[in-house]
Amino acid sequence: MADNTDKHTEIEYWSRCLAQVGCTRDRVLYLRFYDHFFPRLQSWLLGVTRDSTLAEELAQETMLIVWRKAAQYDASKAAASTWLFRIARNLYIDQLRRRQVQSRGRGLLTEEHTWFAEHTADAPRVRLAIRQLPQQQAQVIYKSYFEGKSHQEIANDMDIPLGSVKSSLRLAFQKLCTALRP
Amino acid sequence: MSNNHHPDEATLLSYAAGVLPESFDILLACHLRECGHCRAGVAEAEQLGGLLLEAIEPVTVHNWAGELGLLETEPQLLCNPRPDQICVPLPELSDPTQRQQPLPAPLQQLLTQGDTDLPWRWLAPGIKQIRLVTADAGLRLLKIAPGVSIPRHSHQGSELTLILQGAYRDEQGHFRPGDLSDAAPELEHQPVAEGPDPCICLVATDAPLRYRSLIARLLQPLTGL
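Residue numbers (the numbering used here), protein chains in the order written: chain A, 1 to 182; chain B, 183 to 407.
Right, here's the structure in full:
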């Protein structure tokens, strides 16, 4: 229980920390944030890229953007972890497609909407919900977020029909969202 | 605009996780521009992504904060948080959390100027198409004349359809501009263009369709759909 409380405040701690880096450009605080998230980013990016050099580069690029753009972070809209996840994912997708896009000279569709303010997540509740997922649902979530696999790739990996992948993901997502909302 | 038909939550989750094939990504980005309901779903999936990131087992342990003693005695290091990295030029994004989706030229033209002088090619009687260039080669625009139907088919993979102009109906109901059909693999349907105008839609697939009629199957190598 004590551990859970710590985890809960930790999410908020890092959000406050990032907001403060944005306001004060405090390098000491930034390095503390860096030490916490860089190894996690690298671990996640290694899973989705399956390339350790690339994972390290993208993690560094993400942390550099964090330093440069911290002033844009608004703790009342999203947790620091959500903000970081969006930046790292965008860099990863951009890296996947950059070369092709340049050679084709296409236009860009930019998201021009603001995100809804998210609820403050009860992190221990979400972690409990993840642990309580049936095995197949936990596996499709893991393969989506940590292995970077599409529905069809998951179906092939697990040797189950595409429809089962989609329904397992849908059910898991609904359960986790229930845990996410207050 | 309020839509009646939305993508499966499994599709929203994969969009947020960044794992959809490019064709599906582009189509979903077009839907999300119009649909606050689905943007809220994507935002929740991104929040989950952040929590999973926070909970992941770290790969290596750095201790830059612990090396601050070094930073304080080396003034030139104190200039930057990661001195060995700060020189890398980066594309300046106004907001790094927003995705930028590269759009194939004909789709961009359609969205900004409408259906003027687009290079439509004949596909079947009453049906024209433009194949769009993406990494997975699964994206096309279809223009279906009023009253014309796509031959009855089921799916071997995923199929997303976004209505851009006009309307169609199938076994799932009526679809109007902004509506998105996320066909379940077991769905067998026969979309028919409704109303006085042609129906223009964006279609993403990752496997050939499975037609019921022999003639449609025979023509499949020619149409590529």
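Note that the Cβ used here is the ideal one computed from N, Cα and C, for glycine as well. Since this is a predicted model, take the numbers as computed values, not measurements.
In chain order, each alpha helix (DSSP H) run of at least 4 residues that lies wholly inside the stretch 284-358 of chain B:
Given a length threshold of 4 residues, each whole run of the alpha helix (DSSP H) inside the stretch 284-358 of chain B is given here in chain order: 287-295.
Is there a Cβ from chain A that is less than 8 Å from the Cβ of B/T279?
Interface residue, yes.
Can you check which of these residues, B/A237, B/V241 and B/V374, is closest to B/P328 by C-alpha distance?
B/V374
Does the structure place the stretch 54-61 of chain A close enough to the stretch 70-80 of chain A that three or more beta carbon pairs sit under 8 Å?
no
Interface residues of chain A around B/G320 at Cβ under 9 Å?
Chain A residues near B/G320: none, gap ~11 Å exceeds 9 Å.
Once DSSP output is grouped into helix, strand and coil, what is the label at B/C217?
coil
Is any beta-carbon of chain B found at less than 8 Å from that of A/Y145?
Contact with chain B is found for A/Y145, since one of that chain's Cβ atoms lies less than 8 Å from the residue's Cβ.
My guess is that A/V165 and A/V126 are in contact by the Cβ rule of under 8 Å, so how many angstroms apart are they, rounded?
Between A/V126 and A/V165 the Cβ distance is about 22 Å, and since that is not below 8 Å, they are no contact.
Residues of chain B with CB under 8 Å from A/P161, in chain order?
P367
Take the Cβ of B/Q229 as the centre, count every other Cβ of all protein chains shown within 10 Å, and call the residue buried at 16 or more, exposed below.
buried
If you follow the beta strand (DSSP E) that A/D157 is in, where does it begin and where does it stop?
From DSSP, A/D157 is part of no beta strand (DSSP E) but of the alpha helix (DSSP H) over H151 to M158.
Going by beta-carbon coordinates alone, are A/S183 and B/P203 separated by less than 8 Å?
This structure leaves residue 183 of chain A out entirely; chain A is present only between 1 and 182.
Note the first and the last residue of the continuous beta strand (DSSP E) segment covering B/S395.
No beta strand (DSSP E) contains B/S395, which DSSP labels as neither H nor E.
Can the beta-carbon of B/P286 be found closer than 8 Å to that of B/L321?
yes
Going by DSSP, what residue range makes up the alpha helix (DSSP H) through A/D35?
R27 to T49
Going by beta carbon distance, what residues of the same chain come within less than 8 Å of B/D352, once the five residues before and after it are set aside?
S363, H371, Q372, P373 and V374
Quick check: the Cα distance between B/S205 and B/L324, rounded to an integer number of angstroms?
14 Å
Could you pull the DSSP bridge partners for B/A366 from this structure?
Note: B/A366 sits in no beta bridge, so no partner.
Determine the closest residue to A/A71 out of A/S15, A/R131 and A/T49, with distance taken between C-alpha atoms.
Here the closest residue by C-alpha is A/S15.
Exposure label - A/P134; buried when at least 16 CB within 10 Å
exposed
Rounded straight-line distance, which links the Cα of A/V48 to that of A/D26:
31 Å
Quick one: what's B/L234 bridged to in DSSP?
DSSP, once it has assigned bridges, lists no residue as partnering B/L234.
From what residue to what residue does the alpha helix (DSSP H) around B/V374 run?
Where B/V374 is concerned, there is no enclosing alpha helix (DSSP H), although the beta strand (DSSP E) it sits in stretches over V374 to E376.
Rounding to the nearest angstrom, what Cα-Cα distance links B/M183 and B/V241 in this structure?
Bear in mind that the predicted position of B/M183 carries a pLDDT of just 45, short of 50, making it too unreliable to give a figure here.
Quick one, which of B/D297, B/Q290, B/H187 and B/V201 has its alpha-carbon nearest B/K310's?
Checked all of B/D297, B/Q290, B/H187 and B/V201; the closest Cα to B/K310 is B/D297.
Give every residue of the same chain whose Cβ lies closer than 6 Å to the Cβ of B/R394, excluding the five residues on either side of it in the sequence, and list them in chain order.
R334, listed in sequence order.
Using the three-state DSSP reduction, which class does B/T387 fall into: helix, strand or coil?
strand
B/L202 - DSSP class collapsed to helix/strand/coil
Annotated three-state conformation of B/L202 is coil, per DSSP.
So, does the CB of A/N90 fall closer than 8 Å to a CB anywhere in chain B?
Taking Cβ atoms only, chain B reaches closer than 8 Å to A/N90, which makes this a yes.
Could you check whether the Cβ of A/T82 sits closer than 8 Å to any Cβ belonging to chain B?
Yes - at least one Cβ of chain B is within 8 Å of the one on A/T82.
Which residues mark the beginning and the end of the alpha helix (DSSP H) in which A/A55 is found?
S52 to K69
Would you decide whether B/T294 is buried or exposed? Buried here means 16 or more other CB atoms lie within 10 Å of its CB.
Exposed is the call here.
Helix, strand or coil at B/Q282 according to DSSP, with G and I counted as helix
Reduced to three states, the DSSP call for B/Q282 is strand.
Going by CA-CA distance only, name the one from B/G223, B/A225, B/L391 and B/G377 that's closest to B/I332.
B/L391
List, in chain order, every chain B residue whose beta-carbon is nearer than 7 Å to that of A/C188.
Outside the shown range of chain A (1 to 182) lies residue 188 of chain A, about which nothing can therefore be said.
Would DSSP call A/T120 helix, strand or coil?
coil
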